[in-house]
Amino acid sequence: MSKNTLPLHPHPISDAELAGMQHRADPLADKTIADILGSWPAGDVAVDAPQWARIDTVNRLFGQWTDNQSLVGWTAQGDGVDADMARALNHYVETAQVLPPWAEAKKIERAEKLFMEHGALSCILLFCASLPECYVIPDLSSVLHTSGQLEQNAEYRIRSTAAMIFPVMMHGGLSQRGAGVAQVLKVRLIHATIRNLILHGSPQSAVEQMLAGGSGRVAPQAVPIGGGRQAMFKTLYARGWNLQGDGLPCNQEELAYTLLTFGYVFLRSLRRLGIGLSVADEEAYLHAWNVVGHILGIDQALMVDTMDQGEALMARMQARGRAEPVLPDPRPALGRALMQTMENSLPWSIVKPFPELMTRYLCGRDTASDLGLTQRAPWPSALLFWSVLLVARAVDTLLRMVLPRFSIVRTLTRILGYHIMSRVLMSQTRPLQLPTELLNQVDEVVHSWSDDPHAPGWLNRIEDRLTTHGSWSPGLARKAQAEGSPQAQQPA
Numbered sequence: 027m028s029k030n031t032l033p034l035h036p037h038p039i040s041d042a043e044l045a046g047m048q049h050r051a052d053p054l055a056d057k058t059i060a061d062i063l064g065s066w067p068a069g070d071v072a073v074d075a076p077q078w079a080r081i082d083t084v085n086r087l088f089g090q091w092t093d094n095q096s097l098v099g100w101t102a103q104g105d106g107v108d109a110d111m112a113r114a115l116n117h118y119v120e121t122a123q124v125l126p127p128w129a130e131a132k133k134i135e136r137a138e139k140l141f142m143e144h145g146a147l148s149c150i151l152l153f154c155a156s157l158p159e160c161y162v163i164p165d166l167s168s169v170l171h172t173s174g175q176l177e178q179n180a181e182y183r184i185r186s187t188a189a190m191i192f193p194v195m196m197h198g199g200l201s202q203r204g205a206g207v208a209q210v211l212k213v214r215l216i217h218a219t220i221r222n223l224i225l226h227g228s229p230q231s232a233v234e235q236m237l238a239g240g241s242g243r244v245a246p247q248a249v250p251i252g253g254g255r256q257a258m259f260k261t262l263y264a265r266g267w268n269l270q271g272d273g274l275p276c277n278q279e280e281l282a283y284t285l286l287t288f289g290y291v292f293l294r295s296l297r298r299l300g301i302g303l304s305v306a307d308e309e310a311y312l313h314a315w316n317v318v319g320h321i322l323g324i325d326q327a328l329m330v331d332t333m334d335q336g337e338a339l340m341a342r343m344q345a346r347g348r349a350e351p352v353l354p355d356p357r358p359a360l361g362r363a364l365m366q367t368m369e370n371s372l373p374w375s376i377v378k379p380f381p382e383l384m385t386r387y388l389c390g391r392d393t394a395s396d397l398g399l400t401q402r403a404p405w406p407s408a409l410l411f412w413s414v415l416l417v418a419r420a421v422d423t424l425l426r427m428v429l430p431r432f433s434i435v436r437t438l439t440r441i442l443g444y445h446i447m448s449r450v451l452m453s454q455t456r457p458l459q460l461p462t463e464l465l466n467q468v469d470e471v472v473h474s475w476s477d478d479p480h481a482p483g484w485l486n487r488i489e490d491r492l493t494t495h496g497s498w499s500p501g502l503a504r505k506a507q508a509e510g511s512p513q514a515q516q517p518a
């Protein structure tokens with residue numbers, strides 16, 4: 027066995043080490059932002075403070091990171107770029123784009139194929155499992171609530187998450203021919219910006235001051251919020267923070283927990299639907315997300331290599347989070363906003379409670395309770411959901427003795443995923459925030475999901491009647507319509 031194939035984490039992280047991760051963040055990204063923004067002024071921050079303009083400049087420079095190849099030899103230049111900003115960003119991009127020495131190309135490629143094979147099912151698991159579990163940790167939800175105004179802008183935040191997942195998991199996303207690394211580096215720097223805004227400076231400096239006897243408290247500020255792009259930044263700066271009690275915002279433990287929701291929770295959900303993967307495939311998928319975690323600045327000690335490790339670490343993190351409640355609790359509002367977004371995307375009244383029922387099934391009672399998803403669903407909807415799910419699971423169990431890849435559950439979740447994906451992620455009026463070329467690639471990926479190659483023809487025809495005939499891709503559908511192709515038929 028080669029060195030690279032040895033388990034990364036033969037021993038679990040200790041409780042003391044895990045607790046310490048609450049006061050650790052991301053030195054590389056945090057120093058980059060601290061060098062760019064400089065010291066915040068004492069007292070009130072004026073509307074024309076230079077920090078706001080510097081944040082706008084960095085956001086503009088993000089637009090140049092269109093794919094992984096664009097990072098090679100990239101340098102910061104143009105209006106608003108001074109020597110300190112150029113030096114900090116150039117070092118960040120040069121350093122952070124490098125994959126870890128333990129990354130295995132074959133495992134990453136296998137994970138990409140698994141994501142592609144599951145198609146719209148991957149999206150429904152993001153909506154009904156990964157995101158709900160992400161909201162469980164109160165401190166993390168508090169930051170999400172403040173930074174994203176999720177109750178009012180749930181769709182935008184969901185699309186922002188998808189804008190990272192698609193480039194990462196598409197073919198070659200972590201290689202030079204892809205765009206996943208570029209998208210992750212943007213997210214990593216956004217996390218650092220959030221920490222700097224909330225703490226009014228470097229996270230490392232804030233921790234050092236607290237350890238030296240400081241209170242660890244950042245007082246709320248009276249900042250003229252206004253509107254436009256800077257409203258979120260100013261809201262974060264104004265909110266206040268208790269470093270002693272809450273740890274750093276977007277700290278290592280929270281980042282690692284979020285990583286678990288994209289890798290471990292996805293695989294756990296497949297198991298609960300009766301369509302779990304082989305152990306080798308599961309470990310390949312976890313490995314790919316560990317590589318993403320490295321690019322995102324997550325400590326290797328917080329990564330997992332197996333499902334058993336993922337289950338144990340997630341349980342410990344959730345127990346720690348639930349033991350430290352935040353008041354007022356932001357989680358029910360976040361959960362309700364997510365459920366409402368999915369309900370609004372479904373065309374039939376009787377199935378509108380299905381996303382909440384699916385979330386309860388995939389995440390369990392504790393998570394449902396945390397998110398306030400405890401109200402009884404209308405009995406016709408509940409009866410239909412549980413009847414269809416149980417019957418489908420029973421039929422799948424029998425037929426898989428002859429047809430190993432057959433799954434009615436898979437088809438049903440694809441149908442649900444199609445309607446949510448097409449209205450939330452693939453909206454022609456609210457596209458994913460991605461470069462045009464990358465949007466075209468996403469378009470092609472969604473087109474490839476239009477038929478399930480592992481389902482018999484009759485099952486695909488039923489799926490067509492409950493989704494749309496022809497391409498699932500809105501861009502390709504418009505092109506087909508212009509060319510007179512039958513793929514351009516309207517949704518049923």
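For any residue, its number in our numbering is found by taking its place in the sequence shown, counting from 1, and adding 26. Quick reminder that beta carbons are idealized off the backbone N, C-alpha and C, glycines included. Predicted, not measured: the structure shown is a model, and the values here were computed from it.
Where Ser448 and Thr58 are concerned, what is the direct C-alpha to C-alpha distance, given to the nearest angstrom?
37 Å
Less than 6 Å between C-beta atoms, sequence neighbours within five positions excluded: which residues of the same chain meet that for Gln209?
Met190, Pro193
Is Asp396 closer than 8 Å to Val162 when the C-beta atoms are compared?
yes
Can you find the residues in the same chain that come closer than 8 Å, C-beta to C-beta, to Leu211, ignoring five residues on each side of it along the sequence?
Trp91, Leu97, Tyr118, Val119, Ala122, Gln123, Ile321
Just the Cα atoms here: how many angstroms apart are Val417 and Arg487?
The straight-line gap from Cα to Cα measures roughly 20 Å.
What alpha helix (DSSP H) runs, 4 residues minimum, are completely inside the region 198 to 229?
206 to 225
May I have the straight-line CA-CA distance separating Pro158 from Ala109, to the nearest angstrom?
42 Å
Going by DSSP, what residues sit across from Asn268 in a beta bridge?
Arg243
Taking the beta carbon of Met427 as the centre, do at least 16 other beta carbons fall within 10 Å, making it buried, or is it exposed?
Around the beta carbon of Met427, fewer than 16 other beta carbons sit within 10 angstroms, so the residue counts as exposed.
Tell me, to the nearest whole angstrom, how far the beta carbon of Leu293 is from that of Met340; I am working on the premise that it is less than 8 Å.
About 12 Å; that fails the 8 Å criterion.
Once the 5 residues before and after Ala282 are set aside, which same chain residues still bring their CB inside 6 Å of it?
Ile324, Leu328, listed in sequence order.
Going along the chain, which unbroken runs of the alpha helix (DSSP H) with 4 or more residues stay wholly within the region 283 to 348?
For secondary structure counted as the alpha helix (DSSP H) over 4 or more consecutive residues, the region 283 to 348 holds these complete runs in sequence order: 290 to 298, 305 to 321, 333 to 348.
I think Val450 touches Arg185, with their Cβ atoms under 8 Å apart; what is that distance to the nearest whole Å?
Confirmed, Cβ separation roughly 7 Å.
So, under 8 Å CB-CB, Gly443 and Ala146 are touching, yes? Tell me the CB distance rounded to an integer number of Å.
3 Å
Can you give the Cα-Cα distance for Asp41 and Phe432, rounded to whole angstroms?
43 Å
Answer yes or no: do Gly390 and Gly361 have a C-beta to C-beta separation smaller than 8 Å?
no
Counting beta carbon pairs with one atom in the region 350 to 368 and one in the region 289 to 305, are three or more of them shorter than 8 Å?
no
Would you check if there are 3 or more beta carbon pairs closer than 8 Å linking the region 237 to 245 to the region 484 to 498?
no
Is the beta carbon of Leu44 sitting closer than 8 Å to the one on Arg298?
No; because the gap between Cβ atoms is not below 8 Å, this pair is not in contact.
Pick helix, strand or coil for Gly46, following the three-state DSSP scheme.
helix
Out of Gly199, Lys260, Gln459, which has the shortest C-alpha to C-alpha gap to Asp70?
The option with the nearest alpha carbon to Asp70 is Lys260.
Output needed for Pro38: all residues of its chain with C-beta closer than 6 Å, excluding positions within five of it in sequence on either side, in chain order.
none
Whose C-beta lies closer than 6 Å to the C-beta of Phe88 among residues of the same chain, with five residues either side of it excluded?
Lys212
Among the candidates Leu285, Ala51, Met195, whose CA atom is the shortest distance from the CA of Ile220?
Ala51
With Gln335 and Met47 assumed to form a contact (beta carbons below 8 Å), what rounded beta-carbon distance in angstroms separates them?
Wrong, their Cβ atoms sit about 16 Å apart, outside the cutoff.
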